[in-house]
Amino acid sequence: MPKTAPRTRFAPSPTGYLHVGGIRTALFAWLVARQGGGQFILRLEDTDQAREVEGAGQHIVDSLKALGIDFDEGPIRQSANLAIYKKYAQKLIDSGRAYADPYTAPEVQAFREQAQKDKKPFLYRNHRPTNPPVWDGSTPLRFKADPQDRSWHDAVMGDLQAGPEAQDDFILIKSDGYPTYNFAHIVDDAEMKITHVIRGQEFLASTPNYIALYEALGLSQPILATMPHILGPDGNKKLSKRDGAKDVLDYIRDGYLPEALVSFIATLGWNDGTEQEVFTVKELIQKFDLSRVGRSGARFDEQRLLWVNGSFIRNMPLDELYQKVTAFWPAEAKDHGDNYKKAVLGLTQERLKYFAELPALTSFFFNDLPVNLELIDNNKQLKKLGRAQQIELLQKAQASLESSDFSVDDLQAKLNHLLEETGQKPGILFSLIRIATTWAPASPGLADTLHVLGKEATLARLKSSLSALL
RNA sequence: GGCCCCUUCGUCUAGCGGUUUAGGACAUCAGGUUCUCAUCCUGAAGAUCGCGGGUUCGAAUCCCGCAGGGGUCACCA
1 MPKTAPRTRF APSPTGYLHV GGIRTALFAW LVARQGGGQF ILRLEDTDQA REVEGAGQHI
61 VDSLKALGID FDEGPIRQSA NLAIYKKYAQ KLIDSGRAYA DPYTAPEVQA FREQAQKDKK
121 PFLYRNHRPT NPPVWDGSTP LRFKADPQDR SWHDAVMGDL QAGPEAQDDF ILIKSDGYPT
181 YNFAHIVDDA EMKITHVIRG QEFLASTPNY IALYEALGLS QPILATMPHI LGPDGNKKLS
241 KRDGAKDVLD YIRDGYLPEA LVSFIATLGW NDGTEQEVFT VKELIQKFDL SRVGRSGARF
301 DEQRLLWVNG SFIRNMPLDE LYQKVTAFWP AEAKDHGDNY KKAVLGLTQE RLKYFAELPA
361 LTSFFFNDLP VNLELIDNNK QLKKLGRAQQ IELLQKAQAS LESSDFSVDD LQAKLNHLLE
421 ETGQKPGILF SLIRIATTWA PASPGLADTL HVLGKEATLA RLKSSLSALL
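Under my numbering, the residue at position 417 of the first sequence is numbered 417, and the numbers go up by one with no gaps.
Next up, the structure:
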């Protein structure tokens with residue numbers, strides 16, 4: 001049998017920001033498509049006019065693009081397909097599988113409340129009218145269910161089954177003329193020849209209804225794959241913006257790498273069975289397998305994301321990193337040339353977890369930080385020295401450095417010599433010089449730092465630090 | 001309440017009847033790398049595999065109960 005190329009889709013409703021769970025669903029659908037050389041389609045489920053949020057559609061598009069999840073078709077808006085849904089609805093009416101809902105909204109609500117009071121699930125079909133009126137489009141159109149035991153296979157969840165109680169006469173077309181999700185997605189998936197329906201867990205309970213619809217419409221059932229939810233950091237609740245969860249674009253803005261985000265999100269519930277922890281996009285496309293997606297919800301752990309991102313940053317060639325980081329330099333850096341900034345970045349690369357940290361990590365390379373004697377006085381070993389000896393050591397350092405050519409090797413040699421000359425431990429001497437030349441709580445190695453800083457700046461800082469200590 | 005799904009270190013997970021004294025990673029802690037921060041290396045601590053029954057020579061792995069968590073029961077998706 002010839003294998004047909006997969007056609008997958010991501011079908012969010014444009015009602016808010018795209019959370020990590022949604023991104024993961026999109027990513028997996030995209031991976032399936034790319035792996036099989038098929039197509040990935042973005043479809044916006046905008047059949048609820050009241051809940052649509054201005055700009056949400058664009059936000060979804062931007063988020064996917066920011067991660068490199070490109071789509072071959074779309075974004076397609078369901079609101080443009082109303083005629084097609086009507087056509088399919090007519091088929092169901094003609095075959096006696098759809099009928100007009102004769103009840104008023106308050107009447108249905110009363111049924112529902114009664115069911116609640118009786119602690120029973122609400123089933124509209126218990127009130128199915130015997131002689132429904134002809135549907136004129138002014139009332140909801142309902143599916144006429146044929147409840148029965150149903151079993152099906154889910155690529156993630158495995159073999160599933162549900163009884164008749166899970167099937168009901170749900171609404172196909174609302175009284176405003178728009179289809180419900182339940183109906184529209186079936187029609188669209190069929191029209192678009194979608195092969196894999198990959199979606200969140202919230203649709204699992206209604207899957208028997210969808211299967212009944214496939215049957216009634218004479219459609220073949222696509223491969224179904226249900227993704228468990230991604231949970232918030234502290235609770236077991238579904239991840240939402242209220243948990244302080246940022247959306248992808250926030251992470252991109254903070255200088256997280258798309259490929260790190262992708263690797264992290266993919267491994268939230270999926271792994272290839274080896275001990276590999278970080279994956280490139282290429283590897284993901286090669287190795288991804290729906291059947292290896294976990295069935296339980298995973299917590300979003302920002303610490304781990306931080307580590308993944310840092311690992312991508314460290315493994316990147318310096319020139320590439322330099323290009324990506326342009327927008328994140330501290331303001332004062334604009335007065336400095338590429339070579340200088342690149343040298344600074346070279347020293348910072350292994351310390352950088354995300355780009356927004358760059359100013360905090362590098363500002364002392366670009367401007368003189370204010371003298372902060374606490375850095376010396378709060379250091380146990382330096383404090384013991386006393387001011388006079390601190391000054392003496394720095395003066396010796398000054399003299400020695402004046403004769404250096406400021407190559408890393410020579411600086412290191414001079415510093416080592418200074419160690420012998422003064423009889424001090426590096427913990428004392430190097431700390432002192434480091435603080436007096438940077439006034440930063442942390443910096444890269446001393447010789448490297450001084451080399452990048454250069455002779456002029458180093459000596460100038462040493463001089464002003466000495467006068468502050470006197 | 002009915003139905004459905006889930007349950008291995010704090011977190012992400014490996015595991016698909018015996019090679020397991022349950023492995024890896026993040027986080028944590030300790031030590032090392034001529035100073036700080038970070039990287040890197042080494043090590044430590046951390047899971048009676050939700051609980052209780054079975055099946056089996058043998059179970060995290062199979063079966064049955066129970067509990068906990070989640071989802072769903074909309075003219076929302």
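Don't be surprised by glycine CBs; every beta carbon is placed ideally from N, CA and C.
Only counting the same chain, and skipping five residues up and downstream in sequence, which positions put a Cβ closer than 8 Å to that of ALA298?
PRO228, ILE230, LEU231, LEU268 and GLY269
Rounded to whole angstroms, what is the Cα-Cα separation between TRP152 and THR226?
12 Å
What does the alpha-carbon distance come out to for the pair GLN424 and GLN390?
11 Å
Which of the three DSSP states is assigned to THR180 in this structure?
coil
C-beta atoms of GLY177 and LEU249 nearer than 8 Å:
no
Are three or more beta carbon pairs between the segment 429-436 and the segment 375-390 nearer than 8 Å?
yes
What are the boundary residues of the alpha helix (DSSP H) that includes TRP270?
Element bounds for TRP270: n/a, residue is neither H nor E.
Secondary structure of PHE355, DSSP reduced to three states:
helix
Might you give, ordered along the chain, the residues of its own chain that have their beta carbon closer than 7 Å to the beta carbon of GLN303, omitting 5 neighbours on each side?
none
Reference ASN309; option with closest CA among GLU357, PHE288, GLU332 and ALA343
GLU357
Does DSSP put THR226 in a helix, in a strand, or in coil?
strand
Cβ neighbour criterion (16 or more within 10 Å) applied to GLY21:
buried
Between the CA atoms of PHE366 and ALA333 - distance to the nearest angstrom:
6 Å
Could you give the DSSP three-state label for ARG242: helix, strand or coil?
For ARG242, the predicted model reports a pLDDT of 49, less than 50, meaning its position is unreliable; a value from the coordinates is still stated below. Helix, per DSSP.
Apart from the five residues on each side of it in sequence, which residues of its chain come closer than 6 Å, Cβ to Cβ, to LEU352?
ILE313
Between which two residues does the beta strand (DSSP E) harbouring GLY200 extend?
196-200
Does DSSP classify LEU469 as helix, strand or coil?
helix
Going by Cα to Cα distance, which pick from ASN315, LYS342, ALA331 and GLU215 is closest to GLN323?
LYS342
The segment 164-171 touching the segment 140-148, judged by at least three CB pairs closer than 8 Å:
yes
Flag this pair as yes or no: are the beta carbons of TYR85 and ALA184 separated by less than 8 Å?
yes
Please report how far the alpha carbon of GLU456 lies from the alpha carbon of LEU418, in whole angstroms.
20 Å
Please name the residue, chosen from THR15, GLY36 and PHE40, that lies closest to THR25 on a Cα-to-Cα basis.
PHE40
Cα-Cα separation, THR188 to VAL32:
A small fix is needed here, since residue 188 is Asp in this sequence, not Thr. If I take the Cα positions, the gap works out to 19 Å.
So, using beta-carbon positions, are LEU42 and GLN78 closer together than 8 Å?
no
Check THR8 in the structure and name its three-state DSSP category.
strand
Do ARG7 and ILE194 have their C-beta atoms within less than 8 Å of each other?
yes
Might you give, ordered along the chain, the residues of its own chain that have their beta carbon closer than 6 Å to the beta carbon of ALA29, omitting 5 neighbours on each side?
THR8, PHE10 and ILE198
Through-space distance from SER311 to GLN349, alpha-carbon basis
10 Å
Taking C-beta to C-beta, are SER465 and LEU393 nearer than 8 Å?
no
Between ALA447 and GLN412, how many whole angstroms is the CB-CB distance? I'm expecting something under 8 Å.
4 Å
According to DSSP, simplified to helix, strand and coil, what is HIS153?
strand
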